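To get our numbering, take the position in the sequence shown, counting from 1, and add 4.
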Amino acid sequence: MCGIVGYVGYREALPILLDGLGRLEYRGYDSAGVAWIQDGAIRRLRCEGKLQRLKEIVGAAAGITSSVGLGHTRWATHGEPAERNAHPHADCTGGIVVVHNGIIENYYTLREELKAEGHIFRSETDTEVLAHLIEKHLAGDIILAVKAALQEAKGAYAIGVLWKGAPDTLIAVRKQSPLVLGLGENGEQFMASDIPALLPYTRNLIFMEDGDLAILRPGGIEMSSLTGGGPVTRSVHTVTWDAAMAEKAGFRHFMLKEIYEQPQAVMNTARGRVVPEVGEVVLPEIGLSSDEVSGIRRVTFLACGTSWHAGLVARYWFEKWARIPADVDLASEFRYRSLVLDSSVLTVPISQSGETADTLAGLRIARDLGSPVVSICNVVGSTITRESRGTIYTHAGPEIGVASTKAFTSQLAALFLLALWFAQERGTLSREERSAKIDAFLQIPAVLEAEIPRWHEGAAELADVYYSYKDFLYLGRDLQYPIALEGALKLKEISYIHAEGYAAGEMKHGPIALIDRYMPVVAVVPRDHVYEKMLSNVEEVRSRRGVVIAYGEEGDEGLARIARHVVAVPRPQDPDLNPFLYAVPLQLLAYEMAVARGCDVDQPRNLAKSVTVE
Ligand code: M6R
């Protein structure tokens, strides 16, 4: 989730680009760069680190003057944060530059082909292949070259292209990554990956749609379709948002925006890593030899907080599909135990930030005991990834709300892939079974997309009724037990309501004593193999005058008869994937409760996004 800004017009471009990038810094901030055309040549300045560094470098460079340029702040997906990986990326001649937000799924194959044809690569990014592909297809017409290049690239992209042969032209293309165009005064034109970059200059915006290609020149924007045909017309919208609203894409809080981003985040985790037709998962980033993989007898997941809950879900998948015994440890406990670990145990640290002190300490201990370490992480180049043998990046984009939401579901997606990969390597699931699981998984983003607005509305109604209650109990079994824990954590951390997650079968061993009409019970009850058991638990609560808010399948009349409220959740093609669907309405419930109580949702008291101390 990077930041892109482009300008063509009559003013000096560089101050506009740097100012716009500053307004997008929340999208990515590990490196930055700008490119512009001056004296018939493309010039670039790039650096690792925050935008401030780039501003200093540009400030120190004498004599820059140009009225066309592209800028980028990066949130790394392929290749560590470093100057060579910062955008804009150039072709071999340096005459074409590209900025990109998204993921090119087939970049590795394209890169190998281009290298074999003599192209020289200078970065580890997926983006650089686009610059070389355009170079390969360029025969005088840059638009045709961009279109031909993008016929070959699979994946998601918002891109900006600058060519020295057309010094008053910017090209913008969008496929599954946002890109907005701005119409300025006196014929100047802008492009950006998000609205805040443009607000000081114009409020007249065109929202590009998938497959749109735009040519920006002083005086006008021409739009067409990537796949051919005539011109495309998109209406101009005048936005009235203030800068703070625009940063959150109109959502009231980052947390809510991130909840709504989950379909995309889950899809991004899977991009380029599954071949559904043959039931294959492709994870070269694991970094283990086949001997090491066949020697693995046990897996230990290591994490804190929400990431630990993702590990708890993964345990079920690993045991069921790959038939590998799995442990899930809280990193803060793991690091002080007398561990029995060696090269036959795979350690999997799970961390959004990649900087959590306890998880990092646990990783180092496991590694020193000879355990191979493959991490699941969202932040490219973070300490945990640097110290792991391999990393499966979640590609969820920056998560700003302290409460983890899209990082959680994308961790589930990465763990789903890893579990299935092990099942594939060990032959514990047939090709057909794996294909069916991948198909079912690929349906999840669309289901989330369709259901989130409805769940959101329902959560607001529930919050109206329950926001002043002081205690909640969350119950689940099997795969839904970690989801109950996660639901309770979400509620307590942002609304400051006491909430406990419990394995439903444990209720009668203690917590049942607490049940009365003042402690609502949130029960996660899909129709899976423990459905009947969960129904009995719900009955037990009801018969003690407890109030049950149940999350269950659409049309489940049995559940509707015994619960006070039922939030309907569609049945996934494969019930093993229920955690993806049940986690999200519980996030929304916590969010609406916190809003109703007037809490600071994005920055809850006493909490930090990244816990880098013990
Ligand atoms: O960055 P990490 O995933 O390692 O962070 C772990 C926990 O600190 C984090 O999940 C925390 O529990 C969140 N605030 C939960 O929403």
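The beta carbon of each residue, even a glycine, is placed where N, CA and C say it ideally should be. The structure presented is a predicted model; accordingly, all values stated were derived computationally and were not measured.
Candidates the options, of which the one nearest residue i by Cα
i, options, result
"GLY505", "PRO486, MET523, ILE516 and VAL240", "PRO486"
"TYR522", "ALA365, TYR471 and GLU289", "TYR471"
"ASP214", "ARG238, THR360 and ALA318", "ARG238"
"THR409", "LEU493, LEU466, ASP34 and GLU52", "LEU493"
"GLU455", "SER127, GLY191, TYR264 and VAL150", "TYR264"
"ASP172", "VAL588, ALA417, SER71 and SER228", "SER71"
"HIS313", "ALA247, GLY358, LEU419 and ARG341", "LEU419"
"PRO182", "PRO200, GLY188 and TYR161", "TYR161"
"ALA510", "GLY191, ASP532 and SER540", "The identity of residue 510 in the sequence shown is Glu, whereas the question assumes Ala. Nearest of GLY191, ASP532 and SER540 to GLU510, Cα basis: SER540."
"SER311", "GLN577, THR360 and ILE404", "THR360"
"TYR205", "ILE225, ARG221, VAL177 and THR242", "THR242"
"GLY358", "ALA427, ALA318, GLU536 and THR395", "THR395"
"HIS104", "THR69, ILE175, ALA365 and CYS6", "CYS6"
"LEU185", "ALA170, GLY164, GLY169 and LYS168", "GLY164"
"VAL344", "SER355, ARG301 and VAL384", "ARG301"
"TYR397", "LEU422, ASP560 and ARG546", "LEU422"
"TRP79", "ALA594, ALA66 and VAL384", "VAL384"
"ALA335", "ASP362, ALA450 and TRP325", "ASP362"
"ARG549", "TYR555, VAL588, ALA517 and VAL278", "ALA517"
"ALA120", "ARG327, SER294 and VAL133", "VAL133"
"SER499", "THR389, ARG601, ALA572 and VAL297", "ARG601"
"PRO574", "GLY276, ASP560 and ALA170", "ASP560"
Beta-carbon proximity check, residue i vs residue j, cutoff 9 Å
i, j, result
"ILE8", "MET195", "yes"
"LEU292", "ARG430", "no"
"THR304", "VAL352", "yes"
"MET597", "ALA467", "yes"
"GLY462", "LEU590", "no"
"LEU230", "LEU306", "no"
"GLY159", "ASP198", "no"
"ASP497", "ARG531", "First, the amino acid is wrong: residue 497 is Glu here, not Asp. Against a cut-off of 9 Å, the Cβ pair of ARG531 and GLU497 comes out as no contact."
"ASP95", "HIS123", "yes"
"ALA269", "ALA400", "yes"
"ILE46", "ALA39", "yes"
"LEU452", "ILE519", "no"
"GLU156", "ALA149", "no"
"ILE404", "LYS613", "yes"
"ARG48", "PRO85", "no"
"VAL525", "ILE501", "no"
"ALA527", "GLY480", "yes"
"GLU29", "LYS54", "yes"
"ALA90", "ARG50", "yes"
"LEU203", "LEU187", "no"
"LEU2", "VAL599", "In the structure as shown, the chain starts at 5 and stops at 618, and residue 2 therefore has no counterpart that could be examined."
"LEU166", "GLY10", "yes"
Residues bridged to residue i [DSSP beta-bridge criterion]
i, result
"GLN42", "ALA45"
"ASN105", "ALA162"
"ARG178", "ALA162 and ASP216"
"ASP475", "HIS502"
"LEU185", "MET195 and ILE210"
"LEU172", "It should be pointed out that residue 172 corresponds to Asp in this sequence rather than to Leu. ASP172 is not bridged to any residue."
"ILE354", "ILE380"
"TRP167", "ILE100"
"ASP468", "According to DSSP, which records beta bridges pairwise, ASP468 is partnered with nothing at all."
"PRO235", "SER228"
"THR77", "GLY7 and ALA36"
"GLU132", "According to DSSP, which records beta bridges pairwise, GLU132 is partnered with nothing at all."
"PHE305", "VAL332 and VAL352"
"ARG27", "Answer by DSSP bridge pairing: none, since ARG27 is not bridged."
"VAL278", "VAL285"
"ALA572", "GLY556"
"GLU397", "What sits at residue 397 in the sequence shown is Tyr, not Glu. Paired residues: CYS381."
"HIS241", "LEU209"
Near ligand 2: residue i beta-carbon under 8 Å from a heavy atom
i, result
"ASP372", "This structure simply doesn't include ligand 2; it includes ligand 1 instead."
C-beta neighbour in chain D for residue i, strict 9 Å
i, result
"ALA326", "As a matter of chain content, chain D is missing from the structure shown, which is built from one protein chain."
### Query
Using 8 Å as the threshold, is the segment 73-83 in touch with the segment 13-30, meaning 3 or more CB pairs across them?
yes
### Message
For the segment 376-390 against the segment 232-250, do three or more pairs of beta-carbon atoms, one drawn from each stretch, fall closer than 8 Å, so that the two count as touching?
### Response
no
### Message
Within 8 Å, do at least three Cβ pairs link the segment 401-415 to the segment 574-590?
### Response
yes
### Query
Taking three-plus beta-carbon pairs below 8 Å as touching, is the segment 246-262 in contact with the segment 217-232?
no
### Message
Residues around ligand 1, please: the condition is that the C-beta lies closer than 5 Å to some non-hydrogen atom of it.
### Response
CYS308, GLY309, THR310, SER311, SER355, GLN356, SER357, THR360, ALA407, SER408 and VAL615
### Query
Should the segment 109-117 be regarded as contacting the segment 90-100, the criterion being three or more beta carbon pairs within less than 8 Å?
no
### Contact the segment 438-450 vs the segment 277-291: 3+ CB pairs below 8 Å
yes
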